[in-house]
Amino acid sequence: RTVLDRLKGTVQVISNPGKGTTIQLRAPLTLASIHTLLFRVGGRLFAVPISSVVEITRVSGDEIHRIDHREVVRLRDQVLTLVRLNRMQGIHAVDSAKAAKKNFVIVIGAAEKRFGLLVDQLVGEEELVIKALPTDIVASDLVS
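If you're matching positions, the sequence shown starts at 28 in our numbering and goes up one per residue.
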């Protein structure tokens with residue numbers, strides 16, 4: 028009930044003597060639930076839809092190469108472009124001792140294209156509720 032209250036949903040219990048009890052849980056249509064993979068980069072928590080994850084592997088720093096100003100790794104006879112969220116989001120990078128270890132790469136697939144997210148830590152899977160943002164926030168150039 029607490030979760031539904033936070034989501035502005037309702038719980039209704041209907042009892043019919045001799046027939047049973049019906050419990051109806053209603054959530055607003057503006058909400059969606061999605062199964063996600065949680066991971067950390069620079070201490071920040073991120074999530075990607077599990078349906079987009081092709082595989083998870085590990086690579087060491089010496090397996091990462093630069094081609095045309097992009098970081099890439101060779102994975103199963105294919106060149107995979109790597110994305111570092113810490114550089115895109117202005118997150119402090121992990122220290123050099125951690126960088127020398129093998130890092131997790133989450134391979135994301137969308138249609139025929141694939142890329143790898145270089146992450147510090149895998150956290151687990153979780154069902155997340157997606158809620159539409161208020162229109163005044165969506166109108167901002169700071170949110171996409």
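The beta-carbon is built from N, C-alpha and C at its ideal position, and this holds for glycine as well.
What are the boundary residues of the alpha helix (DSSP H) that residue i is part of?
i   : result
R31 : Inspection of the sequence shows that residue 31 is occupied by Leu rather than by Arg. Here the alpha helix (DSSP H) through L31 covers 29-33.
Identify whether residue i lies in helix, strand or coil by the three-state DSSP scheme.
i    : result
S87  : coil
L149 : strand
L160 : coil
R114 : helix
A124 : In this prediction, A124 scores a pLDDT of 41, lower than 50, which makes its location untrustworthy; the coordinate-derived value is nonetheless stated afterwards. If DSSP states are grouped into helix, strand and coil, A124 belongs with the helices.
From this set, the options, which residue's C-alpha is nearest residue i's C-alpha?
i    : options              : result
R114 : I77, L145, V150, Q51 : L145
R141 : S79, R93, N130, H96  : S79
R103 : E90, D95, V110       : E90
V110 : K128, V134, K129     : V134
E153 : I77, G45, I94, E98   : I77
A159 : P44, T49, S60        : S60
G88  : D95, E139, V99, V38  : V99
H92  : G45, T108, G69       : T108
F131 : P161, Q39, E82, V40  : E82
R177 : V86, D95, L112       : This structure gives no information on residue 177, because the portion of the chain shown stretches from 28 to 171.
A54  : K46, T29, P161       : T29
T84  : K129, G70, L112      : K129
Please list the terminal residues of the continuous beta strand (DSSP E) segment that includes residue i.
i    : result
L196 : This structure leaves residue 196 out entirely; the chain is present only between 28 and 171.
A137 : 130-137
P44  : Looking at the DSSP string, P44 is not in any beta strand (DSSP E), and its letter there is neither H nor E.
R97  : 97-102
In the DSSP output, what is residue i paired with across the bridge?
i    : result
G143 : L109, V134
I94  : R97
I172 : The chain is shown from 28 up to 171; residue 172 falls before or after that span and cannot be answered.
Taking 7 angstroms as the cut-off, is the beta-carbon of residue i closer than that to any non-hydrogen atom of the ligand FAD?
i    : result
K140 : Absent from the structure shown: the ligand FAD. Ligands present: none.
Are the stretch 136-152 and the stretch 59-66 touching by the rule of at least three beta carbon pairs closer than 8 angstroms?
-> yes
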